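This note's numbering numbers the first residue of the sequence shown as 218 and each following residue consecutively.
Working notes, beginning with the structure itself.
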Amino acid sequence: MFNVFKAKKNETANNPLSSLSDDIEKAKARKVNEKQENETNEVLFAESFKIAVDTLQQLLSENGYSKEKFDLCLQNLLKATELKSTEPSPYYYLSLILSIVGKKEEAMEYFDIVNYIDPEFDGLDLLYQQIQNLESEESDEPEFDPLPQVEADALDSILGNLSFAKN
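Here it is in structure tokens:
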């Protein structure tokens, strides 16, 4: 009886170049797939981050804001962190949002991530001061209306960072 597996094994054993060329072709195909996946992730990251930054800018420039906008911003920032976990910007804005709604511990967690990824990240010192100025959390639910007041200098700097991030 003829064994197909044995025949294939003998064929590659007799011709090691064939096996090598197969391995090279597989590696090339994997590389192409990885490149396409990376490009797709870059596009998705850019889209998610832009939506989040635009929404955050709206939240900061309006007197009050809706929970829907807040949730949309958070969802897109979290999606951005999943797509590019080594990019500090989404973590920075997550920390910023959480500090604005008074979530000191959570804001500090994301701040620490940004500081770990890029200790020289623009606006990090100001964000740290804002987080440290928060009182300890008293409730589990953030207040959504009205928007907690942010110091004028901090708001100008934050909005400047948002304009920079959109480019």
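By construction, the Cβ of each residue, glycine as well, lies at the ideal position given by its N, Cα and C atoms.
Nothing here was measured: the structure is a model prediction, and the numbers come from that model.
Alpha carbon of residue i to alpha carbon of residue j, nearest angstrom
i: V341; j: L237; result: The sequence as given places Leu at residue 341; Val does not occur at that position. One C-alpha to the other measures close to 51 Å.
i: I268; j: T298; result: 14 Å
i: L209; j: K286; result: This structure cannot speak to residue 209, because the chain is shown only from 218 to 384.
i: N258; j: L294; result: 14 Å
i: A263; j: E352; result: 34 Å
i: S306; j: Q346; result: 18 Å
i: K248; j: I241; result: 10 Å
i: Q349; j: K321; result: 8 Å
i: S316; j: D239; result: 54 Å
i: S265; j: M325; result: 23 Å
Three-way DSSP call (helix, strand, coil) for residue i in this model
i: D335; result: coil
i: N250; result: helix
i: V260; result: helix
i: E279; result: coil
i: V270; result: helix
i: K243; result: helix
i: K320; result: coil
i: E304; result: coil
i: E326; result: helix
Limits of the unbroken alpha helix (DSSP H) element including residue i
i: L343; result: 341 to 349
i: K284; result: 284 to 300
Whole-Å CB distance - residue i paired with residue j, under 8 Å assumed
i: Y388; j: S312; result: Residue 388 is absent from the structure shown; the chain starts at 218 and stops at 384.
i: Y308; j: I330; result: 4 Å
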